[in-house]
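Okay, structure first, notes after.
In this note's numbering, the protein residues as written are -16 to 300.
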């Protein structure tokens, strides 16, 4: 990196150094970093090669500039961003909320269970996180509309939406009640559509954003006795692609994260054979989710499949 081309006139203190740097702080800085002060002079502006700046002060200014860039390196990846997370009261959703909060995000959380949501909200607030939460059934259009209206009133924008809310109910297809089908498809697919529609509208008006849908490897390799869940997650993957296409002209990226076996609450000591298979921690999925939403704005990781090494996946069916 050529530092000399970015050094300006001799300065007296750290504030002057900050205000003497170019708007292009470092060519290789991630787009998720906060921009420098708008008071900075434009590249190539007045001050380059100013008379009276000796080699010693050039070196001193260069050291200060390197320190300044390193300071930006330590900034949080989601500082100032508003992230909406559905199904955030437990499991993967709660882990993602905690991971995003650790990187400086302001959170808007929703879930069906008011009690668990309140507990999660209290935990995050006690750690100093800015959180808005509201119990929501994402299968209900009016409830979703009210929630997003409240989010926009509170924060004024939506930078990230994580569609994590879902449900699982199985059974052989000839034994599967319509109520179970509607519950799973409604939570996993209809809810994803309703939330994406509202977030998309907000992101379009503000110039872009990211939507991350939590899918499943069931959208790639079905299990027996899971018709509703498989159909819903296949639908989520299709909706992801359609949303990505619709969002392209507006700077809206949409991607899908397909987890394999994750040790969520319902799988602990369940007694089910499938829950004795190799598992991942919810924090693992949260880490991948964070990676996907902190890529440069012009880059989209459209799809990610994450599973335990020993989980049967390619050979199952």
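Yeah, the Cβ is synthetic: ideal placement off N, Cα and C, and Gly gets one too.
In the structure shown, residue 88 falls within a coil segment according to DSSP collapsed to helix, strand and coil. Between the beta-carbon of residue 60 and that of residue 143 there is about 11 Å, and that puts the pair past the 8 Å contact cut. In the same chain as residue 108, and ignoring 5 residues on each side of it, the C-beta atoms closer than 8 Å to its own belong to 114, in chain order. For residue 153 and residue 210, the gap between their C-alpha atoms comes out near 7 Å. With fewer than 16 neighbouring CB atoms inside 10 Å of its own CB, residue 281 falls in the exposed class.
Residue 200 is a Cβ neighbour of residue 290, given a cutoff of 8 Å. Taking each of 171, 164 and 73 in turn and checking the Cα distance to residue 216, the smallest one comes out for 171. Membership of residue 276 in any beta strand (DSSP E) is not indicated; the residue belongs instead to the alpha helix (DSSP H) covering 265 to 276. If you look at residue 147, you'll find it isn't in any alpha helix (DSSP H); DSSP assigns it neither H nor E. Below 8 Å, too few C-beta pairs join the segment 155 to 174 and the segment 72 to 90 to call them touching: fewer than three. Going by beta carbons, residue 236 and residue 219 fall outside the 8 Å limit.
Within the DSSP bridge table, the entry for residue 192 names 235 as partners.
Under the DSSP assignment, residue 117 falls in the beta strand (DSSP E) whose first and last residues are 114 to 118. For residue 70, the secondary structure class from DSSP, reduced to helix, strand or coil, is coil. Bridge pairing for residue 286: 239 [DSSP]. Partner residues in the beta bridge of residue 65, as assigned by DSSP, are 89. Shown here for residue 238: same chain residues with a beta carbon closer than 8 Å to its own, the five before and five after excluded, namely 193, 194, 195, 196, 223, 227, 275, 283, 284, 285, 286 and 287 in chain order. Your pair residue 140 and residue 189 checks out as a contact, with CB atoms roughly 5 Å apart and the cut at 8 Å. Sixteen is the threshold: since fewer than 16 other Cβ atoms of the shown chains lie within 10 Å of the Cβ of residue 96, the residue is exposed. In this structure, residue 121 and residue 177 form a Cβ contact; the two beta carbons are roughly 6 Å apart against a cut-off of 8 Å.
Beta-bridge partners assigned by DSSP to residue 209: 154. Only residues of its own chain outside the window of five on either side were considered, and among them 208 have a CB closer than 6 Å to the CB of residue 155, listed in chain order.
For the pair residue 88 and residue 110, the CB atoms are not nearer than the 8 Å cut-off. With a 10 Å radius around the Cβ and a threshold of 16 neighbouring Cβ atoms, residue 242 comes out buried. For a cut-off of 8 Å, the C-beta gap from residue 270 to residue 71 is around 17 Å, too long to register as a contact. Looking from the CA of residue 259, the closest CA among 145, 184 and 294 belongs to 294.
Bounds of the alpha helix (DSSP H) holding residue 109 are 97 to 109.
Within the same chain, Cβ atoms closer than 6 Å to the Cβ of residue 198 are found at 216, 219, 220, 239 and 241, the five residues on either side in sequence being excluded. Distance from the CA of residue 182 to the CA of residue 245, rounded to the nearest whole angstrom, comes to 27 Å. According to the DSSP secondary-structure assignment, residue 94 is paired through a beta bridge with 118. Counting of Cβ neighbours within 10 angstroms places residue 292 among the exposed residues, the total staying below 16.
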